[in-house]
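Numbering (this note's numbering), first residue to last: -6 to 233.
Data first, discussion second: the structure below is written as structure tokens.
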Amino acid sequence: MKNKKILAITALFLSACATPTASLATNSLEVDKTGYLFYQNEDHFLRADELSIKLLLPAKDYAVPTYLNLLPNAKREYRSGYHVGIDFSAPLNYPINAVYDGIVIRSNNMQQDVDIDTYNLFLETSSRLGKTPDDIYNFILLGKSVIIDHGYAITSKYRSITVYSHLSSIPESIKPGTMVKEGDIIGYSGNTGTSSGALQNDKGAHLHWEIFFDDANNRYFLGQNIPAELLKNNIDLLFK
Ligand SMILES: [Zn+2]
């Protein structure tokens, strides 16, 4: 831990020496973000030591991936052009569990994928708009999905929700208002809401998982403004 910190500080120092624009560095660049789950600015951040509890992995045997393209901040053609979740490599129909106790907000087992031409029209609209509107994201691209409200149980600093998407199916007992416990199965992994789902094939199954932290004015996502080299280690601190 200490060595990592020293390394990070050394790296910052070296890069500051190497670049003539170092004097333009903003405050946020000078902060050592080791151990931070997100860092917006000096007033809005969450450190792992501010968590009340640690979470179960949503797909039991699938750890947080190391590949940056599967982590938050990776480039994507949807949203505002970047990923705000983690893609866990769970295969088709793998049981997905609640990462902590909470209340189900959303569960849409009736969702059916649109055909691929319609799917592409939504992507074209998003591309023309320069972002994916929340309606297209939530109602089309997330596919069958479950959202759980954890209130202030994960951290007393922010209200938090978790999102489990592209599910192949959701048990009937998981409905809006259902109280779930950590470890309860809330669905099975799949590819709904993806282009493979629109093509009705079995390819590309995975669990796209998100956690958001809210205060009165903003919503923050795990990994927000955390540099790529710290991302995997910091995110691991969220889980048991
Ligand atoms: Zn994803």
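Here a beta-carbon is modelled for each residue, glycine too, at the ideal position from N, C-alpha and C.
Predicted, not measured: the structure shown is a model, and the values here were computed from it.
CB contact flag (residue i, residue j, <8 Å)
i           : j           : result
residue 171 : residue 107 : no
residue 49  : residue 144 : no
residue 160 : residue 137 : yes
residue 130 : residue 188 : no
residue 192 : residue 26  : no
residue 115 : residue 133 : yes
residue 43  : residue 150 : yes
residue 47  : residue 232 : yes
residue 214 : residue 65  : yes
residue 37  : residue 211 : yes
residue 31  : residue 216 : yes
residue 208 : residue 57  : no
residue 141 : residue 95  : yes
residue 173 : residue 91  : yes
residue 126 : residue 119 : yes
residue 221 : residue 61  : yes
8 Å contact criterion, which residue i and residue j should meet: CB distance rounded
i           : j           : result
residue 154 : residue 45  : 16 Å between Cβ atoms; not a contact.
residue 63  : residue 182 : Not really, about 14 Å apart at Cβ, beyond 8 Å.
residue 29  : residue 52  : With a Cβ gap of about 24 Å, residue 29 and residue 52 do not count as contacting.
residue 203 : residue 139 : Contact flag wrong, Cβ pair sits at about 11 Å.
residue 199 : residue 100 : The Cβ separation is near 19 Å, so there is no contact.
residue 201 : residue 162 : With a Cβ gap of about 16 Å, residue 201 and residue 162 do not count as contacting.
residue 164 : residue 178 : 7 Å
residue 218 : residue 33  : 6 Å
Closer than 7 Å: residue i CB and nearest ligand 3 heavy atom
i           : result
residue 201 : Questions concerning ligand 3 fall outside what the structure shown contains, since the ligands it does hold are ligand 1.
heavy atom of ligand 1 below 7 Å from residue i C-beta
i          : result
residue 78 : yes
Enclosing beta strand (DSSP E) for residue i [first to last residue]
i           : result
residue 99  : 95 to 100
residue 31  : 29 to 34
residue 90  : 88 to 90
residue 212 : 212 to 214
residue 76  : Looking at the DSSP string, residue 76 is not in any beta strand (DSSP E), and its letter there is neither H nor E.
residue 40  : 37 to 40
Continuous alpha helix (DSSP H) stretch holding residue i: start and end
i           : result
residue 109 : 109 to 122
residue 229 : 221 to 229
Min CB distance residue i to chain C below 8 Å
i           : result
residue 216 : Absent from the structure: chain C. Only one protein chain is present.
Practice item. Jot down the residue ranges of each uninterrupted beta strand (DSSP E) in the region 133 to 208, minimum 3 residues, whole runs only, in chain order. Key: Listed in chain order, they are 137 to 142, 152 to 160, 178 to 181 and 200 to 207.
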